[in-house]
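Chemist:
2 protein chains.
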Amino acid sequence: MKAGVEPLLNDGFAGEATKRSLGYLQKQREKGKNIVGIYCGYAPLELIRAANAAPAVLCAFANKTIEAAETVLPANLCPLIKSSYGFIKTDTCPFFAISEAVIAETTCDGKKKMFELISGIKPMHVMDLPQLPDQKEALENWTAMIKKLKGFLETTFNRKIEDADVEKEIQATNEKNRLMNKIFDFAALTPTPVTWLEFYDLTYLGQAATTQDMLPILKETIAKLEKRVAEGIYHGEKDSPRVLVTGCPVGGDATKVFKIIEEAGGVIVVLDSCTGMKPYSGMIAENTPDPYRALSRRYLDLPCSCMTPNSRRLDELDKMIERFKPDVVVDVVLHACHSYNIESHKIKEHITGMHKMPFLKIETDYSQSDVGQIRTRVEALFEMLPQK
Amino acid sequence: MKAGVEPLLNDGFAGEATKRSLGYLQKQREKGKNIVGIYCGYAPLELIRAANAAPAVLCAFANKTIEAAETVLPANLCPLIKSSYGFIKTDTCPFFAISEAVIAETTCDGKKKMFELISGIKPMHVMDLPQLPDQKEALENWTAMIKKLKGFLETTFNRKIEDADVEKEIQATNEKNRLMNKIFDFAALTPTPVTWLEFYDLTYLGQAATTQDMLPILKETIAKLEKRVAEGIYHGEKDSPRVLVTGCPVGGDATKVFKIIEEAGGVIVVLDSCTGMKPYSGMIAENTPDPYRALSRRYLDLPCSCMTPNSRRLDELDKMIERFKPDVVVDVVLHACHSYNIESHKIKEHITGMHKMPFLKIETDYSQSDVGQIRTRVEALFEMLPQK
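Line order of the protein sequences matches chains X and E. Residue numbering for the first sequence follows the working numbering, starting at 1 and increasing by one per position. Residue numbering for the second sequence follows the working numbering, starting at 389 and increasing by one per position.
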């Protein structure tokens with residue numbers, strides 16, 4: 001954002017999403033809440049909260065722990081998985097340190113097998129994730145897995161989870177998501193009054209924090225954004241290329257890609273990933289006979305490339321393109337993430353074919369070694385865009 | 389095998405397992421059987437056979453189709469998946485050509501996403517494979533998937549599959565496996581009277597061929613092996629290092645590893661993979677109230693690295709080490725196969741720790757570029773073995 005403009009989250013942690021989350025979770029712990037570590041967007045947050053626990057997104061985004069990880073894991077593996085494991089191996093993830101249990105899922109080969117190597121340190125529960133979300137069995141099976149997780153949380157924390165509390169959390173998530181989407185609507189404006197870093201600050205905190213704690217922050221954010229719009233404050237230039245970023249979760253050292261896009265003159269108007277809009281994009285059915293089944297449907301609808309076919313991702317991209325009016329789509333694929341890497345072919349065909357829009361796939365890791373090459377490619381992409 | 393010794397399968401196809409299988413399947417087709425293409429050991433063969441169809445293992449083992457595959461798939465992907473896709477893209481897999489339907493499974497990220505790219509050419513059915521084989525839900529869910537496959541086969545071939553026929557096929561598989569294991573027992577002898585190529589010829593044909601067709605071949609093979617033993621004919625030298633090969637499926641161009649092991653003076657006494665003993669190692673429960681559930685249990689017990697935790701693999705290795713008395717264990721990991729690659733760490737710890745046995749992990753692809761390097765490592769491994 002331009003100099004002199006007050007950050008949306010003006011709490012001393014602007015641009016430091018993980019530090020803010022850690023502070024928040026430490027306070028929750030002091031208040032007597034249990035902390036549950038999570039590695040993935042398929043972990044049903046509402047169930048964790050209904051267990052009077054707070055979800056902690058575990059460390060996964062730093063290059064510095066990869067060297068330690070590679071003493072055990074193959075080098076040719078997704079940096080997110082290597083980094084996650086390296087944090088555990090070097091005992092340097094403060095979120096893991098305060099977690100009393102860990103939830104894992106069979107989302108991808110690398111994570112699934114890495115989890116085996118860190119099981120036994122803390123109570124860990126692995127959820128068997130169905131991969132064909134359109135099959136009726138998937139809904140049944142994932143519902144059963146969510147109920148199994150309920151049992152694990154109840155046993156681990158010696159506390160019964162009430163269906164009514166799950167329902168309450170479902171409604172709370174929906175309330176949070178509605179407000180989050182109001183903020184996303186500001187990002188959709190031309191020019192956009194919000195930066196990717198402010199966006200990221202919010203989506204990151206929103207994972208850890210309850211709706212109750214988020215409400216004042218979100219309302220203040222909306223008020224600030226209204227003020228920015230009224231005062232004509234916007235990010236970038238009026239004719240900056242608008243970028244939709246899709247693909248793998250991106251945080252920490254991988255945000256180099258976002259920085260390069262901005263430095264090259266682009267404005268990121270939407271982050272479609274688990275570290276962006278994805279956790280907030282859908283609503284969970286309320287007041288159903290079985291709240292676990294409602295959770296199951298919502299989480300199965302997450303358009304992750306681990307699903308086959310992942311047609312929901314194309315549908316979501318269509319909606320995002322209409323809503324955020326990007327000029328280009330950038331697909332960020334973490335090195336050796338087979339599912340996003342292979343799916344990128346379909347995404348490219350969809351974006352360049354149906355939407356007639358420029359598409360750039362960036363395969364990267366957490367090192368700085370490819371910064372120059374990525375910059376050249378992003379600059380070339382922006383140069384070939386038609387004048388606005 | 390030494391010069392002058394009659395091959396076990398003396399049908400003009402010795403050492404050419406795929407050609408023999410193709411000939412067999414073409415004859416089956418002429419007899420009116422349907423052909424069903426499979427890519428993986430989780431495809432329940434008994435159900436395919438009960439549908440009056442024959443399973444065809446689809447092409448996946450040639451380097452020559454990888455270049456074509458890489459125009460769509462990432463280069464950094466398992467060669468088996470790239471080769472499989474390349475065969476379809478270049479329309480050069482004769483097994484696919486004669487298949488009227490294809491069965492796929494969500495075994496790994498790469499295959500799962502590759503299948504999306506070849507769906508629609510032939511009727512394809514994707515089975516959602518549970519990944520936590522010890523959970524009671526896994527048995528239920530995989531049983532449901534097997535019954536769903538039954539529905540697919542019935543619809544595709546417009547033919548009802550009778551439970552009694554499934555039961556008959558279960559018993560037939562058990563009969564085949566018992567005889568196969570008699571042959572494996574010969575491989576367990578010191579010195580061993582059978583080569584890996586003869587072994588491979590048999591295990592490959594046994595996938596396509598019915599028990600009825602295999603019986604005379606297996607009985608003749610056993611008679612030949614008894615004769616070899618009686619006449620003191622054996623493979624390699626009496627003190628050749630005995631090698632247990634574990635890991636990824638290996639065929640075609642990847643058998644370079646087997647050739648190098650033999651050229652370096654080793655004798656492969658057991659191939660523990662889907663192209664080796666794995667499909668024949670277990671028995672299916674007979675005369676149960678639900679034959680689909682019996683199949684489910686058996687197939688879920690396959691110790692593939694896609695399972696978590698895959699403790700069955702360690703159990704099977706223990707049994708194989710006792711039975712085949714290897715001097716070394718070689719773990720063959722295909723490039724970018726994350727699950728076998730990560731699991732290799734556990735296997736190494738188990739082999740070198742519990743069994744105090746030398747262990748070599750070979751990560752390779754289908755090219756010839758690493759032949760020299762693999763040879764050096766295998767030779768070094770054999771040199772460090774204690775004198776017998």
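Backbone N, C-alpha and C fix where the C-beta goes; we use that ideal spot for every residue, glycine too.
1) Report yes if the C-beta distance between Glu-116 of chain X and Thr-696 of chain E is below 8 Å; otherwise report no.
2) Below 7 Å on C-beta distance, what does Leu-317 of chain X contact in chain E?
3) Residues in the region 93-112 of chain X with C-beta within 7 Å of chain E's C-beta atoms, listed in sequence order?
4) Just checking, does the region 421-438 of chain E make contact with the region 572-587 of chain E on the three C-beta pairs under 8 Å criterion?
5) Is Ile-735 of chain E closer than 8 Å to Asp-719 of chain E when the C-beta atoms are compared?
6) Spell out whether any CB of chain E is found under 8 Å from the CB atom of Thr-190 of chain X.
7) Among X:Phe-382, X:Gln-373 and X:Asp-318, which residue has its Cα nearest to the Cα of Val-328 of chain X?
8) What first and last residue would you give for the alpha helix (DSSP H) that runs through Lys-147 of chain X?
9) Is the beta carbon of Pro-358 of chain X sitting closer than 8 Å to the one on Arg-242 of chain X?
10) Please list the terminal residues of the continuous alpha helix (DSSP H) segment that includes Pro-467 of chain E.
11) Chain E partners of Met-354 of chain X, CB-CB under 9 Å?
12) With Phe-382 of chain X as the anchor, note down where its beta strand (DSSP E) starts and where it stops.
13) Taking 8 Å as the cut-off, does the region 17-35 of chain X touch the region 166-176 of chain X (at least 3 CB pairs, one atom from each stretch)?
14) Distance check for Lys-556 of chain E and Leu-435 of chain E, CA to CA, integer angstroms please.
15) Compare the C-beta of Pro-667 of chain E with all C-beta atoms of chain X and state if any pair is closer than 8 Å.
16) Residues of chain X with CB under 8 Å from Val-514 of chain E, in chain order?
17) Quick one: what's Arg-242 of chain X bridged to in DSSP?
18) List the whole-angstrom C-beta distance separating Ile-268 of chain X from Ile-261 of chain X, where the pair is believed to meet the contact cut-off of C-beta under 8 Å.
19) Between the region 714-735 of chain E and chain X, which residues of the former have CB atoms less than 7 Å from a CB of the latter, in chain order?
20) Are three or more beta carbon pairs between the region 277-297 of chain X and the region 362-379 of chain X nearer than 8 Å?
21) Do you know how far the Cα of Cys-248 of chain X is from the Cα of Lys-32 of chain X?
22) Threshold first: 4 residues or longer. Then list the alpha helix (DSSP H) segments lying entirely within the region 674-738 of chain E, N to C.
23) For Met-389 of chain E, would you say it is in contact with chain X, using Cβ-to-Cβ distances shorter than 8 Å as the test?
24) Decide if the region 686-700 of chain E is in contact with the region 108-115 of chain X; the criterion is three or more beta carbon pairs, one per stretch, under 8 Å apart.
25) Around the C-beta of Arg-20 of chain X, are 16 or more other C-beta atoms found within 10 angstroms, so that it is buried, or is it exposed?
26) Please report the Cβ distance between Thr-71 of chain X and Phe-87 of chain X, rounded to the nearest whole angstrom; I am assuming they are in contact, meaning their Cβ atoms lie under 8 Å.
27) Determine which residues share a DSSP beta bridge with Gly-247 of chain X and list them.
28) If you reduce the DSSP assignment to three classes, tell me which class Gly-425 of chain E lands in.
29) Where Ala-390 of chain X and Ser-732 of chain E are concerned, what is the direct C-alpha to C-alpha distance, given to the nearest angstrom?
30) Taking a cut of 7 Å between CB atoms, which residues from the region 67-93 of chain X lie near chain E?
31) Taking the alpha-carbon positions, what's the Leu-149 of chain X to Ala-439 of chain E distance?
32) Determine, using beta carbons only, whether Ile-161 of chain X and Met-127 of chain X come nearer to each other than 8 Å.
33) How far does the beta strand (DSSP E) with Lys-160 of chain X in it extend, from its first residue to its last?
Modeler: For this structure:
1) yes
2) Here the premise fails: no neighbours, minimum Cβ distance about 16 Å.
3) Thr-106, Cys-108, Asp-109, Gly-110 and Lys-112
4) no
5) yes
6) no
7) X:Phe-382
8) 136-157
9) no
10) 467-477
11) In chain order: nothing, as chain E lies at least about 17 Å away.
12) Per DSSP, Phe-382 of chain X belongs to no beta strand (DSSP E); it is in the alpha helix (DSSP H), 371-383.
13) no
14) 10 Å
15) no
16) Leu-132 and Thr-308
17) X:Val-267
18) 6 Å
19) Ala-724, His-726, Ser-727, Asn-729, Ile-730, Glu-731 and His-733
20) no
21) Per the sequence presented here, residue 32 of chain X reads as Gly, with Lys not at that position. One C-alpha to the other measures close to 34 Å.
22) 679-688, 699-712 and 726-736
23) no
24) yes
25) buried
26) Actually they do not touch by this definition, with Cβ atoms about 14 Å apart.
27) X:Val-332
28) strand
29) The question about residue 390 of chain X has no answer, for chain X in this structure spans 1 to 388.
30) Val-72, Leu-73, Pro-74, Asn-76 and Leu-77
31) 39 Å
32) no
33) Segment: none, Lys-160 of chain X is in no beta strand (DSSP E) and carries neither H nor E.
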